[in-house]
Amino acid sequence: MSHHHDHTTGNIKTAFFLNLIFTLIEIVGGILTNSMAIISDALHDLGDSLSLGLSWFLQKYSKKGHNNAFTFGYKRFSLLAALINSVVLIVGSIFIFTEAIPRLFNPVSPNAGGMIMLAILGVLVNGAAVFKLRGGESMNAKVMTWHLLEDVLGWVAVLIVSIILLFKEIPILDPLLSIGITLYILYNVVINFKKTMSLFLEAVPEGIDFASLKKKIEQIQLVHSIHHTHLWSLDGEHHAFSTHVVVPKNTTRDEVCTIKEQIKGILGDIHLDHVTIEVEYEDEECSVLELTHH
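Residue numbering for the sequence shown follows UniProt numbering, beginning at 1 and increasing consecutively.
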């Protein structure tokens with residue numbers, strides 16, 4: 001297991017450096033070829049480089065368990081990484097728009113030959129990164145593989161446009177492609193940003209019917225009622241659940257154990273890392289309510 005983990009970490013590290021070096025080449029190349037489409041793709045790859053770098057860092061961090069400072073462990077660091085990445089891409093996208101939109105009205109002919117060379121290099125570099133990450137078991141590796149595949153398709157689009165520009169003088173194609181790439185980036189960023197903020201605000205994980213879950217628990221024999229029931233996610237993959245279950249005052253220990261097992265059975269389809277079930281008797285005052293009143 002450790003060998004596989006190290007192999008995955010090594011692959012993410014290789015893909016990160018490949019992407020970062022090429023992003024720097026792209027930025028210089030975009031300026032030299034006077035192509036906003038290249039610079040837009042450089043922004044996309046910069047976002048990927050950030051994601052890969054943070055994924056590499058977090059992949060190593062994920063070996064660490066919980067401690068006295070981080071009692072749930074370090075899983076939420078990935079949310080922080082996603083938030084930083086989103087902010088960088090949003091700021092970068094605004095910059096691209098401010099540069100590309102004026103070019104729609106005053107098109108500037110880019111260096112089509114240079115664009116072709118960079119596009120071919122882009123397909124090869126991102127293709128190599130995909131090859132390195134393919135078959136990765138971790139969520140980080142799987143997500144980044146798909147993201148880099150999107151980059152390959154983006155560079156194919158740049159290659160097609162640059163070939164057209166090589167034979168036909170249609171300079172407006174460059175800012176149009178730039179705006180198209182940037183809109184695509186922003187679309188994905190907004191979706192991921194909403195998901196990230198939802199997790200930060202501890203919303204119920206996607207695809208889980210919380211009302212139905214509570215109803216099933218309340219229908220368990222001897223369960224009088226439930227309260228302070230919470231379901232949240234640590235990072236989008238690993239979830240936590242807690243509830244207070246009220247039972248009749250004459251409920252035996254064995255019956256309480258049976259109730260707990262039935263609740264765990266109901267929660268079985270959810271990937272839960274932490275489950276807390278507090279049992280209270282009908283004539284017992286809830287400790288949380290007491291604290292709230294004070």
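Ideal Cβ placement from N, Cα and C applies to all residues, glycine included.
All figures in this text were calculated on a predicted structure; none of them were measured in a lab.
Residue i - containing alpha helix (DSSP H), residue span
{"i": "Tyr281", "result": "That residue, Tyr281, is in no alpha helix (DSSP H); its beta strand (DSSP E) goes 272 to 281."}
{"i": "Ala82", "result": "77 to 105"}
{"i": "Leu173", "result": "173 to 200"}
Option in the options with minimal Cα separation from residue i
{"i": "Arg76", "options": "Ile27, Asp235, Asp151", "result": "Asp235"}
{"i": "His228", "options": "Leu20, Ser212, Val279", "result": "Val279"}
{"i": "Asn188", "options": "Gln262, Ile38, Ala69, Leu83", "result": "Leu83"}
{"i": "Ile101", "options": "His238, Leu183, Gly207", "result": "Leu183"}
{"i": "Leu153", "options": "Leu79, Ala15, Val256, His44", "result": "His44"}
Contact belief for residue i with residue j at Cβ below 8 Å, rounded distance in angstroms
{"i": "Ile226", "j": "Val247", "result": "Going by Cβ atoms, the distance from Ile226 to Val247 rounds to 10 Å, so no, they are not a contact pair."}
{"i": "Ile116", "j": "Leu159", "result": "6 Å"}
{"i": "Gly30", "j": "Ala42", "result": "5 Å"}
{"i": "Asp151", "j": "Asn126", "result": "4 Å"}
{"i": "His238", "j": "Trp232", "result": "Wrong, their Cβ atoms sit about 10 Å apart, outside the cutoff."}
CB contact check: residue i to chain B, cutoff 8 Å
{"i": "Glu284", "result": "Checking the listed chains, one finds no chain B in this structure; it contains a single protein chain."}
Neighbourhood of residue i by C-beta, 7 Å cutoff - its chain only, sequence neighbours within 5 removed
{"i": "Leu173", "result": "Val161, Ile164, Leu165"}
{"i": "Ala119", "result": "Trp155, Val158, Leu159, Ser162"}
{"i": "His224", "result": "Val246, Val247, Pro248, Glu282"}
{"i": "Gly114", "result": "Gly29, Leu32, Thr33"}
{"i": "Lys260", "result": "Ile277"}
Three-state secondary structure (DSSP) of residue i
{"i": "Ile208", "result": "coil"}
{"i": "His228", "result": "strand"}
{"i": "Ser233", "result": "strand"}
{"i": "His44", "result": "helix"}
{"i": "Glu218", "result": "helix"}
{"i": "Ile31", "result": "helix"}
{"i": "Glu26", "result": "helix"}
{"i": "Ala203", "result": "coil"}
{"i": "Glu169", "result": "coil"}
Residue i, enclosing beta strand (DSSP E) - first and last residue
{"i": "Thr258", "result": "Looking at the DSSP string, Thr258 is not in any beta strand (DSSP E); the run it does join, the alpha helix (DSSP H), is 253 to 266."}
{"i": "Phe241", "result": "239 to 247"}
Sequence-distant residues of its chain with Cβ nearer than 6 Å to residue i (five each side left out)
{"i": "Gln221", "result": "none"}
Close-in-space but distant-in-sequence residues of the same chain around residue i (CB under 8 Å, 5 per side omitted)
{"i": "Glu255", "result": "Leu222, Val247"}
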